[in-house]
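Here UniProt numbering is used: the first residue of the sequence shown is 1, the next is one more, and so on. No residue lacks a Cβ here, since even glycine has one placed at the ideal position from N, Cα and C. All remarks here apply to the structure that follows.
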Amino acid sequence: MEDICLQSQDLSEVPSSILEEKVKRLNLEFNNIASLPLELCQKLPHLTFLSLNGNMLETLPSNIGSLTGLTEFYLKENSLTALPESIIQLKNLKKLHLTGNNLKKLPENIHFLENLHELVADENTIKNLPSSFGGLKLLSHLNLSFNEIENLSDNFGGLESLKELDLSNNCLTSLPENFSLLPSLEVLDLNSNKINKLPNTFQSAYCLKKILVAQNILSEIPRWFSKMKNVKEVFLSENNLHGDPFPEDFGSDCDNLEQLDVSGNNITSLPESIGKLKSLTFLDLGSSFDELERNPMISNGNDIVYLPSTFCGLQNISKLELDENQIKELPHDFGLLSNLAYLDLSHNLLQALPDSFGHLKNLKVCLLSMNYMKSLPESFGMLPSIEDLKLDLNLLEELPESFEKLTTLINLDLYKNCLKEFPKSLKNLKFLKGLDLRENNFGSTLDALALAYEPSYPIRDPEQENNWRGRKRPDIQPNAWVEKKTPAVMNKEHLENDILYNAMVSASSLWRKHGQTDIRSKNPNALATNDLNQINGYPEKETSNEELIGTFLVNNVTSCKQEIENVVDTITDELQCKTLDDESIVENETEFWDENVQSNVSSKSSSVSSEENLVDTDFEDCDFETDCKIDFPKNFTRTYEHTTNNLPSEVNELFIPSDLHISTACGPEMWDTIEDGQFDDADS
Numbered sequence: 001m002e003d004i005c006l007q008s009q010d011l012s013e014v015p016s017s018i019l020e021e022k023v024k025r026l027n028l029e030f031n032n033i034a035s036l037p038l039e040l041c042q043k044l045p046h047l048t049f050l051s052l053n054g055n056m057l058e059t060l061p062s063n064i065g066s067l068t069g070l071t072e073f074y075l076k077e078n079s080l081t082a083l084p085e086s087i088i089q090l091k092n093l094k095k096l097h098l099t100g101n102n103l104k105k106l107p108e109n110i111h112f113l114e115n116l117h118e119l120v121a122d123e124n125t126i127k128n129l130p131s132s133f134g135g136l137k138l139l140s141h142l143n144l145s146f147n148e149i150e151n152l153s154d155n156f157g158g159l160e161s162l163k164e165l166d167l168s169n170n171c172l173t174s175l176p177e178n179f180s181l182l183p184s185l186e187v188l189d190l191n192s193n194k195i196n197k198l199p200n201t202f203q204s205a206y207c208l209k210k211i212l213v214a215q216n217i218l219s220e221i222p223r224w225f226s227k228m229k230n231v232k233e234v235f236l237s238e239n240n241l242h243g244d245p246f247p248e249d250f251g252s253d254c255d256n257l258e259q260l261d262v263s264g265n266n267i268t269s270l271p272e273s274i275g276k277l278k279s280l281t282f283l284d285l286g287s288s289f290d291e292l293e294r295n296p297m298i299s300n301g302n303d304i305v306y307l308p309s310t311f312c313g314l315q316n317i318s319k320l321e322l323d324e325n326q327i328k329e330l331p332h333d334f335g336l337l338s339n340l341a342y343l344d345l346s347h348n349l350l351q352a353l354p355d356s357f358g359h360l361k362n363l364k365v366c367l368l369s370m371n372y373m374k375s376l377p378e379s380f381g382m383l384p385s386i387e388d389l390k391l392d393l394n395l396l397e398e399l400p401e402s403f404e405k406l407t408t409l410i411n412l413d414l415y416k417n418c419l420k421e422f423p424k425s426l427k428n429l430k431f432l433k434g435l436d437l438r439e440n441n442f443g444s445t446l447d448a449l450a451l452a453y454e455p456s457y458p459i460r461d462p463e464q465e466n467n468w469r470g471r472k473r474p475d476i477q478p479n480a481w482v483e484k485k486t487p488a489v490m491n492k493e494h495l496e497n498d499i500l501y502n503a504m505v506s507a508s509s510l511w512r513k514h515g516q517t518d519i520r521s522k523n524p525n526a527l528a529t530n531d532l533n534q535i536n537g538y539p540e541k542e543t544s545n546e547e548l549i550g551t552f553l554v555n556n557v558t559s560c561k562q563e564i565e566n567v568v569d570t571i572t573d574e575l576q577c578k579t580l581d582d583e584s585i586v587e588n589e590t591e592f593w594d595e596n597v598q599s600n601v602s603s604k605s606s607s608v609s610s611e612e613n614l615v616d617t618d619f620e621d622c623d624f625e626t627d628c629k630i631d632f633p634k635n636f637t638r639t640y641e642h643t644t645n646n647l648p649s650e651v652n653e654l655f656i657p658s659d660l661h662i663s664t665a666c667g668p669e670m671w672d673t674i675e676d677g678q679f680d681d682a683d684s
């Protein structure tokens, strides 16, 4: 057998039975092998492929050099601290992978591996490279990232075949002069070092296709950057670039540049020649942090004040990030960026947008948060592809009438603006799923809101199966559904009722506590009321109707507060209530619905105004005292009864179980299955 694969076999040693002369490929990955027998190197003279990735090796056999036919040697994720000197005898070795070990250095005479094409030694603790390292004339791929390298050898430039070099995440402060002599280099990754200057000349500049020097301390960009005729990607984010760091003719010869990232610097202006980057599709001049990483108190962008008129020549650009700058206005011809699909201009000083903004036919995501815009141009409604629009933290007082034409809009953020009334133009946005209107200057004009608002909660139907929280899980059949309907809300009265419904659904105190304040105080083994409430996710104290309603209104709804209270009184009067008796008492805050729970209310409970009410309880699963004191508020005279068939329909619509997980967002008529866990509180 020439090929043997014993991958992931939980081996602790190499089986002697596989050591046959004819074996050419041996895969022993992901086992528990701690050492290799000397016989492995003696009995496998024709071995060309050996993979020992993911084992527990700390050393290699001293005679490892006997495997002279070996061309690929994989030792990733072991515990090697050093390589034996005999490894340099592997004259035919082309690929050597050493990722994730504890190597502190490479063999001093590593240049004897004269056929080595690929060396991967990332994630080790290497501090210096051997002086002979430049002798690896055929080396084309070198990865030494995530080490502790401080300096490169003087003859490093002798790697004349090197095409890809990754030295990211090391401790380099400078590069040797001969570093610029790498004639074949195509990919250079120097990210996350401490380099303050790049070589003044670079022989392989015309060969480079990708250069990454982000997260260093560069203060200037060398002139040879404008000579990179074949470069496609340049990443210079999070350096110390300031002013206008670009060469004067930057962009003149970079005909193939597609991605340019100079985010997180101190750049104040851009060269006129930037408009010559005709192939550019991605340009990041903003913050180097994504939205989740940003600290609103710290600016991480640049300091660009204006964009040159030639900027609008970037007609192939599809993603443009200019967030966290000092831009006050955009060029009049900004709409010429016809291929732009993603635009981030948040956290700038914009007061208005040019009329040509509506010509961005392919714009899908537009972020304009944290600016100073008081209005939008009428042409804004001409964006036929817009899906996500953030206008939060501006000064908008109204939206243009053309806004109703943005029918493709899915998410709209208008948080903390100066809107005085609900925008009527939103009523035609049929695909809108996310809408944030918090902290605006809305008054009591809810009529406009009623036109656009349609609730999506299930209507309570007493005859419909399995939409009541008290039903036990065995009664739920796979074919049982809850219908979601969307009755149109066309007047103010229904809208206010719907607001009340939302408040009551979310207020667990209306359904759980029913005025009982300390039901478990008599039982020393029971949890404290507040602790129990926290475990179950209930409020620590009973919340008033006024507080519940307030949490669902915008901050300036004081003027319609009285109207809401009137609706509450009207609804409450319509409810069928009854005085507490032997059958309607609620035993505890969590409303045990178990049929085994038996309650015998003493005669004293019939008088609600009585200060002491004793309840005889018999819980099978709980250790409660037989007599528990129930303290009712003095004004507690009625308790809500679950809705029945003979109640008015509007009551059934308003008072439905809070654990139906109702969404208040507008949505089309649809069918939803009952969620798992919906009736957990009904099971014993």
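Which same chain residues, not among the five before or five after residue i, have their C-beta less than 7 Å away from its C-beta?
| i | result |
| --- | --- |
| N200 | P222 |
| V120 | H97, L98, T99, N143 |
| P37 | V14 |
Should residue i be labelled buried (16 or more other beta-carbon atoms within 10 Å of its own) or exposed?
| i | result |
| --- | --- |
| M370 | buried |
| F202 | buried |
| F431 | exposed |
| E401 | exposed |
| G264 | buried |
| C171 | exposed |
| Q576 | Because Q576 carries a pLDDT of 43, less than 50, the predicted location of this residue cannot be relied on, and the following value inherits that uncertainty. When all chains shown are included, Q576 counts as exposed. |
| H332 | exposed |
| N533 | Below a pLDDT of 50, predicted positions are generally treated as unreliable, and N533, at 44, falls in that range; the measurement from the model is reported next regardless. Classification of N533: buried, given that the 10 Å Cβ count is 16 or more. |
| Q215 | buried |
| C312 | buried |
| N302 | buried |
| N102 | exposed |
| N300 | buried |
| K194 | exposed |
Go to residue i, then tell me how far its alpha helix (DSSP H) extends in each direction, as first and last residue.
| i | result |
| --- | --- |
| E39 | 38-43 |
For residue i, list the residues DSSP reports as bridge partners.
| i | result |
| --- | --- |
| L343 | L320, C366 |
| G335 | For G335, which the question treats as bridged, DSSP gives no partner whatsoever. |
| D166 | N143, D189 |
| Q97 | The question names Gln, but residue 97 is His in the sequence shown. According to DSSP, H97 bridges with Y74, V120. |
| N266 | H242 |
| D261 | F235, D284 |
| G158 | In the DSSP output, where bridge partners are listed per residue, G158 has none listed. |
| D436 | D413 |
Which two residues bound the contiguous beta strand (DSSP E) that contains residue i?
| i | result |
| --- | --- |
| C418 | It is not in any beta strand (DSSP E) - C418 carries neither H nor E in the DSSP assignment. |
| F10 | Looking at the sequence provided, one finds Asp at residue 10 rather than Phe. Where D10 is concerned, there is no enclosing beta strand (DSSP E), given that its DSSP letter is neither H nor E. |
| I211 | 210-212 |
| R25 | 25-27 |
| K390 | 388-390 |
| I4 | 3-5 |
| S51 | 49-51 |
Which same chain residues, not among the five before or five after residue i, have their C-beta less than 6 Å away from its C-beta?
| i | result |
| --- | --- |
| residue 685 | Summary: the structure shown does not reach residue 685, with the chain confined to residues 1 through 684, and so no result is reported for it. |
| S131 | S153 |
| F49 | R25, E72 |
| N440 | N417, L419 |
| L212 | D189, N191, F235 |
| Q89 | G65 |
Residue i and residue j look like a contact to me (Cβ under 8 Å); what is the Cβ gap, rounded to whole Å?
| i | j | result |
| --- | --- | --- |
| K374 | L340 | Not quite, the Cβ-Cβ distance comes to about 24 Å (not below 8 Å), so this is no contact. |
| N55 | N78 | 6 Å |
| G69 | S86 | With 8 Å as the limit, G69 and S86 do not qualify as a contact, their Cβ atoms being about 15 Å apart. |
Report all residues from its chain with a CB closer than 8 Å to the CB of residue i; omit the five preceding and five following residues, and keep chain order.
| i | result |
| --- | --- |
| E21 | K43, L44, P45, H46 |
| L241 | L218, S219, E220, I221, V262, N265, N266, I267 |
| L349 | Q326, I327, K328, N371, Y372 |
Using a Cβ-Cβ distance under 8 Å, would residue i count as near chain D?
| i | result |
| --- | --- |
| N115 | This model lacks chain D altogether; it includes just one protein chain. |
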